[in-house]
Amino acid sequence: MKTPYYVIHEDMLEDNIRTFQKALETHWGDNSLIGYSVKTNSLPWILKFMLDHGCYGEIVSSDEYDLAEKIGFGAGNIIYNGPIKTKESFFKGLKNKNYVNLDSERELTWLEEYEGTEEIKIGLRVNFDLEKACPGDTVSGEEGGRFGYNYENGCLREAVRRVKALKYVKLAGLHMHNSTYTRTLKVYRTIAEMACRIGKEMDLDLEYVDMGGGFYGGLPEKPGYDDYMGAIAEVLKKAYDPKKTKLIVEPGASVICGPIDLVTAVLDVKDTNCSRFVVTDGSRIYIDPHMKMHSYYYDLALREEGRKVYPGRQIICGMTCVESDRLIYLEHERELCPGDLVIYHKAGSYTMCYSPVFIQYHPAVYVEKQGNYCCVREKWTAEEYVQNSRW
Ligand SMILES: *Cc1c(COP(=O)(O)O)cnc(C)c1O
C-alpha cells in the first residue's frame, strides 16, 4: 500500500456505533434514532456502513441529499438541516416524509407556498443564547450562533405562530444543534432545558426533539456517550415522555474521528544551520485542514530496531510547499530515516472529505478488518482532478 493513505478500523467503528445506540436506548428507550452527520465524513463507504447499521443520514445541502440517495438513504430516513437548502430539495424532503428542520426566513416562505394535500411535518431549528448560560463553551462566543430562529428576540415565537397558522403543517420537532468547544455535559443539559422551556411556553405537542451533534467520546478522562445521553434524557424527561416524543441525536466526530488513521512515510531528511527537517508525504491538510491544531496523536514505525537517538530536535514536515506545514517536533527521539512511517490517529472527522485538493490529490482509503485491508477509495489522480473541466 503506497503512502499516504487513510485506514478505517472497521471493528472500532462498529463498536462506536453500537455503544452509542446502546447509550441512547438505555436512557430513552427505542423511540430514538441516530442521524449520522454526513458532512463530518461523507466517504461513500462510511455512509453505507451507517445506513447498514440503522442510522439515518443527517444532511445540510442538496448535494448531500443527492449523495445520500445515491448511497441508498431514501424516503423517511434522511434528516435535512441547515440554511442553504434549495427550494426544490426542500419540497422533496417534505414530500418524501423526511425530517426537515427549518432554519431561516426563506424556508418559512416556501412552507407557506407549499401546495400539497397531505399533512406534512416540520421541525424548527432553535437559536438561543447558549454562551450566556455556558460562558466560554460555544464556538460563536458573544456574537452568538447564526443558525435557526432566535428565542430571545421573539423570532422563534413568530416562526411557531406562522407554522401553526398553516392547516396542512404539523410542527413536529425542535432542532437544538449547537457548536461548542468544550462539549461539557452542562452544555447538553442547558440545551435540553431550553427544549423543555420552549415546548411548555409555546404549547407544543412534539413528536421529536433533535439534540444535534458535537459530542466527544473515546477519551477516558472526558465524558462518554453514556454520560451525554444520560444527562440529556434526565432533563428532557421533565417535559417529554419517551413513549410519545422521539429523541434524535446527530453525532459525527464522536463516532468517526477515532477509528481512522493516516499513514505517512518519511521521504527525506534535511539539515540546515538551524534545524533538522524530516520531510514526509503526509500533511497537516490531511488531518487538520485549518492547520490550527497544536498537537496530534501519532506513532512512529521505524524500518528496523535499535536506531540511535538523535541528540537534537527533528521537525516532521508535510508534503506541501507551505512553511507552516510542520506536524511534530521530536526531542531526543530515535533518528528518523527515509521509509520510516509516521501514523496519525484520530484522523476521521473533518479530514478526508474536507481537505483541499492542493499539490498532492486525495490519498487512498483502506478499510482494515481483523488485519485484512480492502481499498474503498483509490487515490485521486489528475484524472479526477480535471473531471468536468474544459481547456
Ligand atoms: C455538524 C453538525 C453535526 C455533527 O457535528 P459533530 O461535531 O461532527 O458531531 C450535527 N448536526 C448538525 C446540524 C451539524 O451541522
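The sequence shown runs contiguously to residue 391 in this note's numbering.
Backbone N, C-alpha and C define an ideal beta-carbon position, used for all residues, glycine too.
Since we're looking at a predicted model, the values are computed, not measured.
Taken atom to atom, the span from the alpha-carbon of residue 266 to that of residue 336 is near 8 angstroms.
Selection 81, 87, 56 and 5 evaluated against residue 75 yields 56 as nearest (Cα-Cα). Residue 39 has its CB nearer than 8 angstroms to a heavy atom of ligand 1.
Remark: the C-beta of residue 214 is in contact range of ligand 1, defined as less than 8 angstroms to any heavy atom. Assigned with DSSP and collapsed to three states, residue 30 falls in coil, not helix or strand. Restricting attention to 377, 389, 88 and 81, the CA atom closest to the CA of residue 1 is found in 377. Not a single heavy atom of ligand 1 lies less than 8 angstroms from the C-beta of residue 127.
Contact between residue 385 and residue 357 holds: their C-beta atoms lie close to 6 angstroms from each other, under 8 angstroms. For residue 259, the shortest C-beta to heavy atom distance toward ligand 1 is 8 angstroms or greater. The DSSP-derived three-state label of residue 280 is strand. Just measuring C-alpha positions, the residue of 360, 156 and 148 sitting nearest residue 380 is 360.
Distances from the CB of residue 81 to the heavy atoms of ligand 1 include at least one below 8 angstroms. Closer than 8 angstroms to some heavy atom of ligand 1: that does not describe the Cβ of residue 290. At a Cβ-Cβ threshold of 9 angstroms, residue 84 and residue 58 do not count as neighbours. In the structure shown, residue 21 adopts helical secondary structure according to DSSP, grouped into three states.
Within a 10 Å sphere around the beta-carbon of residue 219 sit fewer than 16 other beta-carbons, which makes this residue exposed. Taking the Cβ of residue 93 as the reference point, every heavy atom of ligand 1 lies at 8 angstroms or farther away. Straight-line spacing of the CA atoms in residue 145 and residue 68 works out to 27 angstroms.
Restricted to the stretch 257-331, the alpha helix (DSSP H) segments that are unbroken, complete and at least 4 residues in length are 284-287, listed in chain order. Residue 291 is not a Cβ neighbour of residue 4, given a cutoff of 9 angstroms.
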